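Everything below concerns the one structure shown next.
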Amino acid sequence: MREQDDLMRRGIGMTSQRTRERLIQRLYEEGVSNAKVLEVIRRTPRHLFVDEALAHRAYEDTALPIGHNQTISQPFMVAHMSELLLEAGPLDKVLEIGTGSGYQTAILAQLVERVFSVERIKVLQDRAKERLVELNLRNVVFRWGDGCEGWPALAPYNGIIVTAVAPEVPQALLDQLAPGGRMVIPVGPAGEAQQLMLIVREEHGFSRRVLGAVRFVPLLNGPLA
0 MREQDDLMRR
10 GIGMTSQRTR
20 ERLIQRLYEE
30 GVSNAKVLEV
40 IRRTPRHLFV
50 DEALAHRAYE
60 DTALPIGHNQ
70 TISQPFMVAH
80 MSELLLEAGP
90 LDKVLEIGTG
100 SGYQTAILAQ
110 LVERVFSVER
120 IKVLQDRAKE
130 RLVELNLRNV
140 VFRWGDGCEG
150 WPALAPYNGI
160 IVTAVAPEVP
170 QALLDQLAPG
180 GRMVIPVGPA
190 GEAQQLMLIV
200 REEHGFSRRV
210 LGAVRFVPLL
220 NGPLA
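Position 202 (the sequence shown) corresponds to 201 in numbering that gives the first Met the number 0; numbering is contiguous.
So this is what it looks like as structure tokens:
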């Protein structure tokens, strides 16, 4: 997309193109194999989603703080979760729980037809909206509210991605998953051992696959202005 390419060029002074390509190579070496996911990561200007003081670190494979005790996930985790969501084929309707900086939202918006993103912290949501407008990504609808409740009015969803850890999978989110739909969610106690899970809604229930240890900020109840 021309908008993303222009914004990437604007960031050349803070981090070289070689640094960005090195990140993509690292993601590939770590197991991300979906070419479309890698291309979207490559062309999306991550430096726009972090504070200016941290922009020089935007293309490191690490999580970075975005304020309000939240972080922008490391690029590998964004790519990995996106790839898992798309593993069975294209998706037309995805629910994202935890907009945060909007980076994962921007990646999803270039991979699926429609994204419905819920964020409990209003100021983060407002900043994310501005960034996606700047990138001319128009297929995202935002909701300020409790992510544990999902977005039942617009359910069901072919995919659900949760960007904060829950002690257990919220029943409300399971209820909003369409038949054959896929959910990627970190599960476990905040600050302790957590596991990334892939949940698929099948004909007679849900299959669950544990994908490995992760570390996420906690999924909290209630909107925060």
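Every residue gets a Cβ at the ideal spot worked out from N, C-alpha and C, and that includes glycine.
Being a predicted model, the structure only gives us computed values, none of them experimental.
Residues that DSSP places opposite residue i in a beta bridge
i	result
R200	F205
F48	Looking at the DSSP assignment, F48 forms no beta bridge with any residue, so it has no partner.
P217	V164
A154	Answer by DSSP bridge pairing: none, since A154 is not bridged.
A87	DSSP, once it has assigned bridges, lists no residue as partnering A87.
I159	L94 and M182
L223	I120
A212	Q194
Residue burial classification, residue i (beta-carbon count within 10 angstroms, cutoff 16)
i	result
H203	exposed
F205	exposed
V209	exposed
G12	Note that G12 scores 45 on pLDDT, short of 50, meaning its location in the model is unreliable and no value can be drawn from it.
A108	buried
L223	exposed
H67	exposed
V122	exposed
R9	Confidence at R9 is low in this model, with a pLDDT of 49, below 50, so its placement is unreliable and the value that follows should be read with caution. Exposed.
R181	buried
T61	exposed
Y156	buried
S116	buried
A212	exposed
Q175	buried
Q69	buried
V57	For the record, residue 57 in the displayed sequence is Ala; it is not Val. Classification of A57: buried, given that the 10 Å Cβ count is 16 or more.
G187	buried
G88	exposed
G149	buried
Residue i: CB within 7 angstroms of a non-hydrogen atom of the ligand MN
i	result
A127	In terms of ligand content, the structure shown is empty, and the ligand MN therefore cannot be addressed.
Distance between beta carbons of residue j and residue i, contact taken as under 8 angstroms
i	j	result
E112	T104	At roughly 14 angstroms, the Cβ-Cβ gap does not stay under 8 angstroms, so E112 and T104 are not in contact.
L84	V77	Not a contact, Cβ separation roughly 11 angstroms.
W143	Q170	Not really, about 22 angstroms apart at Cβ, beyond 8 angstroms.
R41	R19	7 angstroms
F141	T98	7 angstroms
H46	A54	4 angstroms
Q193	V164	5 angstroms
Terminal residues of the beta strand (DSSP E) in which residue i lies
i	result
A177	L176 to V186
L94	K92 to I96
V140	V139 to W143
T70	Q69 to I71
V114	R113 to E118
G66	L63 to G66
Boundaries (first-last residue) of the alpha helix (DSSP H) holding residue i
i	result
I106	Y102 to A108
Y27	Q16 to E28
S81	P74 to L84
L131	K121 to E133
L37	A34 to R42
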